[in-house]
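*Asks:*
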Amino acid sequence: MEAASETGNGLIVWHDHVSVDRDAAITFYSETLGWEIERWDQGETIYPMLGRGGSWHGGFVEHDGPGYWLPYVRVEDVRASVTSVAQAGGTVIRPPTEVPNVGMSATVADPGGAEFALWQDAGGPLPARDVFAWEEVYVPEVDDASDFYGKVFGWAPEPFQEGYTVLANGELTVCGILALPEGLSPTWLTYLAAEDVDATLDAMLEHGAERRMGPVDIENVGRVAVLRDPLGAVVGLYAAA
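For the sequence shown, the numbering used here gives the first residue as 1, with consecutive numbering after it.
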């Protein structure tokens with residue numbers, strides 16, 4: 001079981017946008033959100049990273065199929081965490097893989113099928129929420145999924161508002177956890193920080209996105225919207241109240 005620490009173990013610290021056309025994804029997000037892009041030369045491959053103010057928060061990966069956002073949870077030992085995922089009823093999609101001179105990662109899914117990644121590195125400061133603002137996980141059975149994430153990461157369910165539960169790692173909230181709406185597949189939903197949700201959504205729609213929900217105000221929380229980007233990835237926008 002992982003617990004939060006100064007190194008951020010048990011917290012979401014990175015994201016990848018996975019799609020069939022990463023250059024198109026880079027253009028879409030850099031033009032609508034003003035993200036900085038740095039292409040990291042890994043020798044055999046180039047890994048474009050996204051950030052703001054010289055701080056890097058995620059990257060772009062090319063892969064066949066509909067686009068999606070993949071959150072990474074920092075862990076102390078990827079191999080041990082992969083074992084915990086399997087023992088708790090999850091699925092290993094990509095086994096532990098070395099990232100030369102950086103760390104190790106693996107891709108897994110919870111028992112309902114919501115996919116996420118594990119990340120092991122030397123630790124470091126937690127990223128500010130000026131790029132990735134919040135996460136939600138949609139699952140078939142909230143109690144079963146809460147039990148899984150508790151066993152793997154030590155996350156505990158806590159009521160936040162009526163009908164809305166969060167998973168917390170100690171005093172730090174990690175994500176919301178919600179029952180899966182009919183007709184949708186289990187998934188993680190990443191929310192991007194936006195100074196003006198309405199203006200950002202309008203810009204994204206003009207660049208080929210599709211509106212899924214909102215914008216709407218959530219009392220004492222902020223303003224949110226949900227869209228599908230041109231690569232097929234569903235993502236949220238969030239501005240704090």
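No residue lacks a Cβ here, since even glycine has one placed at the ideal position from N, Cα and C.
1) Tell me the rounded alpha-carbon separation between A225 and H17.
2) Kindly indicate which residue of W155, L33, A194 has the alpha-carbon position closest to the one of E171.
3) For P71, count neighbouring C-beta atoms within 10 Å of its own C-beta (all shown protein chains included) and say buried if the count is 16 or more, exposed if not.
4) Measure the alpha-carbon distance for P215 versus L50 and round it to whole angstroms.
5) Around the Cβ of Y149, are there at least 16 other Cβ atoms within 10 angstroms (buried) or fewer (exposed)?
6) Answer yes if the stretch 197–206 comes into contact with the stretch 46–64, meaning at least three C-beta pairs across the two stretches below 8 Å, and no otherwise.
7) Starting from L167, follow its DSSP beta bridges and name the residues at the other end.
8) L33 and T200: beta carbons closer than 8 Å?
9) Rounded to a whole number of angstroms, what is the C-alpha to C-alpha distance between A88 and A114?
10) What number of angstroms, rounded off, separates the C-alpha of A4 from the C-alpha of F153?
11) According to DSSP, is Q41 helix, strand or coil?
*Replies:* So, from the data block:
1) Between A225 and H17, the C-alpha separation is close to 18 Å.
2) The shortest C-alpha separation from E171 is found at W155.
3) By the 16-neighbour rule on beta-carbons within 10 angstroms, P71 is buried.
4) Straight-line Cα distance between these residues: approximately 25 Å.
5) The residue is buried, with at least 16 neighbouring Cβ atoms inside 10 Å.
6) No: the two stretches stay apart, fewer than three of their Cβ pairs being nearer than 8 Å.
7) DSSP lists P157, C175 as partners of L167.
8) Cβ distance < 8 Å, so L33 and T200 count as in contact.
9) A direct Cα-to-Cα measurement between A88 and A114 gives close to 14 Å.
10) Bear in mind that the predicted position of A4 carries a pLDDT of just 46, short of 50, making it unreliable; the figure below should be weighed with that in mind. Each residue's Cα considered, the two are about 9 Å apart.
11) The amino acid at residue 41 is misidentified as Gln; the sequence shows Asp. Note: D41 maps to strand in three-state DSSP.
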